[in-house]
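**Student:**
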């Protein structure tokens, strides 16, 4: 089904910022109430989002779904009774998936359970221990260096129990069952670029796709906990996805406006790679290209040997490369801004435009056609007169059943969008026909 209500879906960078502020305070993890609350809010914007639950202990590919985690209290007090870490103040203060603790500790006993960043003294780091029981607090190194000998009060009330992980899935059907997969994660606590930018742009992109007059292809969105979620999606739908998905994108770190970054698929030569590189070349001033060995998100699962979905990422500042990454400094306004979000939405819309309009042009006339008598060529021939029809002539020249429209645009070094009206004119005059790339 199509979305029932898109009136609230953000369409601009400023509207995405407002959505991000709504999601910001939620204490998310790879399971639990914070993840479910986030998905329930996303469902308010995308009413047809289907919510999945995968039970703890379930095997998803080679992974085991962990116990669910719930935390209600977390604080650390120094010998003077002053609070130096508090879940209520910043949800990064508690080690992700931390076990419970309630006791008094000397400074030496406490230090192995404290995490800070000496090279970023003002930042609170984001640290997790999903698959090994531990407890701990994350504080700024500035605060850590001020700790004095004495007795510290540490209290964390949390529990691990048999429950489930959650993820959301939305299918926007097209006239073809061939699919484009768009994946993003919503499992980190309050971080703007690394966490919330992906879901916000994904929601806006879903709204854009829903408003297209016609969709040639189907679009599947998944909102998941990172890594364990992509494993769960593949466990549930791997054969279907391998058979039907011809392009796929992982939306992460799409909120700042410092740079553009490209993470290729493992194959490096998929249709997704070609689309992304074309869009970056023609719609950004410059971009950084990374190697598959620089991966660090759900592409590792989707592109794994034997699965090889064509997943790429078009990002702003790539995860792990900007100083605020995985810290309390990754904030709305500090890192993410409306301009960055808008740019990411726009370039993904450009890639959708390529997907929806790409085809295989095929010549219907032997030799170069006489365009003049069809009103497609200047009737007065002079120096430079062919310039106005150069794209059209090149398009005809490469219409040999061997090149897609995207490949022709690359050969001619022009933006894909410039060839769309030329193709339409040539098809309407019976000079070319457009064959489907994906049957």
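Numbering (my numbering), first residue to last: 1098 to 1536. Where a beta carbon is used, it is the ideal one built from N, C-alpha and C, also for glycine. Note that this is a predicted model, so its numbers are computed, not measured.
Are the CB atoms of residue 1166 and residue 1126 nearer to each other than 8 Å?
**Tutor:** Yes, the pair counts as a contact, with Cβ atoms nearer than the cut-off.
**Student:** Taking its Cβ as the centre, do 16 or more other Cβ atoms sit within 10 Å of residue 1518, making it buried, or is it exposed?
**Tutor:** Around the Cβ of residue 1518, a 10 Å sphere holds fewer than 16 other Cβ atoms; the residue is exposed.
**Student:** Between the alpha carbons of residue 1311 and residue 1269, how many angstroms are there, rounded?
**Tutor:** 11 Å
**Student:** Determine the contact status of residue 1513 and residue 1451, defining contact as a CB-CB distance below 8 Å.
**Tutor:** yes
**Student:** Taking 8 Å as the threshold, find out whether the stretch 1358-1373 comes into contact with the stretch 1343-1350 through three or more Cβ pairs.
**Tutor:** yes
**Student:** Anyone know if the C-beta pair for residue 1300 and residue 1139 falls short of 8 Å?
**Tutor:** Yes, the pair counts as a contact, with Cβ atoms nearer than the cut-off.
**Student:** From residue 1259 to residue 1129, what does the alpha carbon distance come to, in whole angstroms?
**Tutor:** Here the alpha carbon of residue 1259 sits roughly 11 Å from the alpha carbon of residue 1129.
**Student:** Assign residue 1444 to one of three DSSP states: helix, strand, or coil.
**Tutor:** helix
**Student:** Assuming residue 1142 is part of the alpha helix (DSSP H), what are its boundary residues?
**Tutor:** 1130-1142
**Student:** Under a Cβ-count criterion, where at least 16 other Cβ atoms within 10 Å of its own Cβ denotes burial, should residue 1229 be classed as buried or exposed?
**Tutor:** Result: exposed.
**Student:** Once you ignore the five residues that flank residue 1133 on each side, which residues in its own chain have a CB closer than 6 Å to its CB?
**Tutor:** 1263
**Student:** What is the DSSP secondary structure of residue 1235, counted as helix, strand or coil?
**Tutor:** strand
**Student:** When the Cα atoms are used, what is the spatial distance from residue 1379 to residue 1272?
**Tutor:** 29 Å
**Student:** Got a sec, what are the start and stop residues for the alpha helix (DSSP H) residue 1115 sits in?
**Tutor:** 1110-1120
**Student:** Entirely within the stretch 1447-1530 and at least 4 residues each: give me those alpha helix (DSSP H) ranges in chain order.
**Tutor:** Correct list: 1487-1494, 1502-1509, 1513-1525.
**Student:** Of the choices 1156, 1148, 1352, 1208, whose alpha-carbon is the least far from that of residue 1238?
**Tutor:** Among 1156, 1148, 1352, 1208, the Cα nearest to that of residue 1238 is on 1208.
**Student:** In whole angstroms, what separates the C-alpha of residue 1179 from that of residue 1121?
**Tutor:** 26 Å
**Student:** Where does residue 1099 sit, in a helix, a strand or coil, going by DSSP?
**Tutor:** Only weak support exists for where residue 1099 lies, its pLDDT of 43 falling under 50; the value from the coordinates is given anyway. Coil at residue 1099, not helix or strand.
**Student:** So is the beta-carbon of residue 1183 under 7 Å away from any non-hydrogen atom of the ligand COA?
**Tutor:** The ligand COA is absent from the structure shown, which contains no ligands of any kind.
**Student:** Which residues in the same chain have their Cβ closer than 6 Å to the Cβ of residue 1173, if we skip the five residues on either side of it in sequence?
**Tutor:** Cβ within range, chain order: 1181, 1182, 1234, 1251.
**Student:** If you drop the 5 nearest sequence neighbours on each side, which residues of the same chain put their C-beta closer than 6 Å to that of residue 1306?
**Tutor:** 1269, 1316
**Student:** Would the beta-carbon of residue 1291 fall within 8 Å of that of residue 1423?
**Tutor:** yes
**Student:** Taking the alpha-carbon positions, what's the residue 1396 to residue 1212 distance?
**Tutor:** 28 Å
**Student:** Span of the alpha helix (DSSP H) holding residue 1205?
**Tutor:** 1204-1207
**Student:** Establish whether the CB of residue 1473 and some CB of chain B are separated by less than 8 Å.
**Tutor:** Included in the structure is just one protein chain, with no chain B present.
**Student:** What does DSSP give as the partner residues of residue 1347 in its beta bridges?
**Tutor:** 1280
**Student:** Measure the alpha-carbon distance for residue 1372 versus residue 1417 and round it to whole angstroms.
**Tutor:** One C-alpha to the other measures close to 24 Å.
**Student:** May I have the straight-line CA-CA distance separating residue 1535 from residue 1337, to the nearest angstrom?
**Tutor:** 16 Å
**Student:** Hey, residue 1351 and residue 1412: beta-carbon distance below 8 Å or not?
**Tutor:** yes
**Student:** Quick check on DSSP: helix, strand or coil for residue 1396?
**Tutor:** DSSP places residue 1396 in helix when its eight states are reduced to three.
**Student:** Quick check on the DSSP output: what are the complete beta strand (DSSP E) runs of length 3 or more inside the stretch 1362-1422, in order along the chain?
**Tutor:** 1408-1412
**Student:** Following the continuous beta strand (DSSP E) through residue 1324, name the residue where it begins and the one where it ends.
**Tutor:** Premise fails: residue 1324 is in no beta strand (DSSP E) and is neither H nor E.
**Student:** Quick one, which of 1303, 1314, 1400, 1323 has its alpha-carbon nearest residue 1283's?
**Tutor:** 1323
**Student:** Please classify residue 1292: does DSSP put it in a helix, a strand, or coil?
**Tutor:** helix
**Student:** Would you kindly work out how many angstroms separate the C-alpha atoms of residue 1477 and residue 1458, rounded to a whole number?
**Tutor:** Caution applies to residue 1477, whose pLDDT of 46 falls short of 50 and renders its modelled position unreliable; the value that the coordinates give is listed next. Spanning the two alpha carbons is a distance of roughly 28 Å.
**Student:** I'd like the list of long-range same chain contacts for residue 1135, defined as Cβ closer than 7 Å, with 5 residues on each side in sequence excluded.
**Tutor:** 1120, 1123, 1125, 1283
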